[in-house]
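In the numbering used here, the protein residues as written are 23 to 104.
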Amino acid sequence: MIKQIYSLVLSTITAVAGIDMAKKFDARLRFHRSLNLSFPKTLADKVSYLELHGENSLIVTCTDKYDVREYITRKMGGEIVF
């Protein structure tokens, strides 16, 4: 129930203020830190920026720890252990 409400809040913020503002709100609420998407300096800022504004769909896959594991397993085979 809480996840559904939170998803609705993020969707509303995205519709009203844009995806960057929704990502900043999410980072502030969940991780208690602010994202600098205008001039990214930290790794978290840069990964979030690439996730939102990257041209390559592989960037989005590689920013998710479960998706990247699946991608590596698919490319390299099942012998890689995480």
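Don't be surprised by glycine CBs; every beta carbon is placed ideally from N, CA and C.
Buried versus exposed, by CB contacts within 10 Å (16 or more), residue i
i: L57; result: buried
i: Y71; result: buried
i: A44; result: buried
i: K63; result: exposed
i: K46; result: buried
Beta-carbon separation (whole angstroms), residue i vs residue j, contact threshold 8 angstroms
i: L74; j: I41; result: 6 angstroms
i: L59; j: D67; result: 7 angstroms
Element boundaries [alpha helix (DSSP H), containing residue i]
i: L30; result: 24 to 39
i: S79; result: 79 to 84
i: E73; result: 65 to 75
i: R55; result: Counting along the chain, R55 falls outside any alpha helix (DSSP H), and DSSP gives it neither H nor E.
Proximal residues to residue i (C-beta, below 6 angstroms), its chain only, five neighbours per side dropped
i: F61; result: none
i: V69; result: T85
Close Cβ partners of residue i (< 8 angstroms) along its chain, the five nearest in sequence each way excluded
i: T21; result: The chain is shown from 23 up to 104; residue 21 falls before or after that span and cannot be answered.
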